[in-house]
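Quick note, the sequences are listed as chains A and B, same order.
Using our numbering, read the first sequence as starting at 1 and increasing by one per residue.
Using our numbering, read the second sequence as starting at 115 and increasing by one per residue.
Below: the structure, in structure tokens.
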Amino acid sequence: DTGVSQNPRHKITKRGQNVTFRCDPISEHNRLYWYRQTLGQGPEFLTYFQNEAQLEKSRLLSDRFSAERPKGSFSTLEIQRTEQGDSAMYLCASSSQTGVYEQYFGPGTRLTVT
Amino acid sequence: GNSVTQMEGPVTLSEEAFLTINCTYTATGYPSLFWYVQYPGEGLQLLLKATKADDKGSNKGFEATYRKETTSFHLEKGSVQVSDSAVYFCALTPYGQNFVFGPGTRLSVLP
Chain A
1 DTGVSQNPRH
11 KITKRGQNVT
21 FRCDPISEHN
31 RLYWYRQTLG
41 QGPEFLTYFQ
51 NEAQLEKSRL
61 LSDRFSAERP
71 KGSFSTLEIQ
81 RTEQGDSAMY
91 LCASSSQTGV
101 YEQYFGPGTR
111 LTVT
Chain B
115 GNSVTQMEGP
125 VTLSEEAFLT
135 INCTYTATGY
145 PSLFWYVQYP
155 GEGLQLLLKA
165 TKADDKGSNK
175 GFEATYRKET
185 TSFHLEKGSV
195 QVSDSAVYFC
205 ALTPYGQNFV
215 FGPGTRLSVL
225 P
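Structure (structure tokens):
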């Protein structure tokens, strides 16, 4: 069990560019979550997968954001036409279906949009 | 909608002092409740949880009791240590698909 991993750890991009982040959950976990966290705030839920199905998506999530989990293993989060307001830490978490919703978080990807 | 409110920090205590961090929530039904901790330079870690009314979650000397009548899940520890310095987040989920986190409370423990 190597824990949840995220890549890259840091990303600096110019406004208007597209970025993609990757999350590798704990191998036996079928639930995967994406969050956004800004300085001084708690994580804000973005979206949730059970296996390869995206079952929940925040109403606050812009159409510029899209997430996939094509084979029910790793997941990607893409942000198109980035804006300065997208600068944040993007967190991924996973959990098993048998646990009581106990999430294990990755270290996050810090995005800076200049 | 669902929401979590936490006491504002930072909270500064001397070592061995008693700790309470207040958390109240708004939710329909019976959500599961959690405390997560983020130590400096590290990712979020689950500290404790409770899934139904009157359940008490406990871990590493920390405790929290699920109080449905007051919609609260206050975090307590009888004697804090310098190593407890961290940011603490209260969170809930109605059924495991959508989690709501509070803003976090920063705790600093002085030797």
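Cβ coordinates follow ideal geometry from the N, Cα and C atoms, glycine included.
How many Å lie between S66/A and G106/A at the Cα? 19 Å
Determine, using beta carbons only, whether C23/A and S75/A come nearer to each other than 8 Å. yes
Pick helix, strand or coil for D115/A, following the three-state DSSP scheme. Because chain A here runs from 1 to 114, residue 115/A falls outside it and cannot be looked at.
By DSSP's criteria, I135/B is part of a beta bridge. Which residues make up the other side? L189/B
In whole angstroms, what separates the C-alpha of T185/B from that of A167/B? 9 Å
Within the chosen definition, does the region 135-155 of chain B reach the region 194-203 of chain B through at least 3 CB pairs nearer than 8 Å? yes
Looking at C-beta atoms only, is the number of pairs between the region 116-125 of chain B and the region 77-96 of chain A that lie closer than 8 Å three or more? no
For D198/B, the three-state DSSP class (helix, strand or coil): helix
For L224/B, tell me which candidate among N116/B, K163/B, F132/B, G115/B has the shortest Cα-Cα distance. F132/B
Rounded C-alpha distance that separates G143/B from C137/B: 17 Å
Beta-carbon of K182/B versus every beta-carbon of chain A: anything under 8 Å? no
Consult DSSP for N212/B and reduce its assignment to one of helix, strand or coil. coil
Taking L189/B and F176/B to be in contact with their CB atoms under 8 Å, please state how far apart those CB atoms are, rounded to whole angstroms. 6 Å
Under 7 Å between beta-carbons, which chain B residues line up against G42/A? List them in chain order, please. F203, F215, G216, P217, G218
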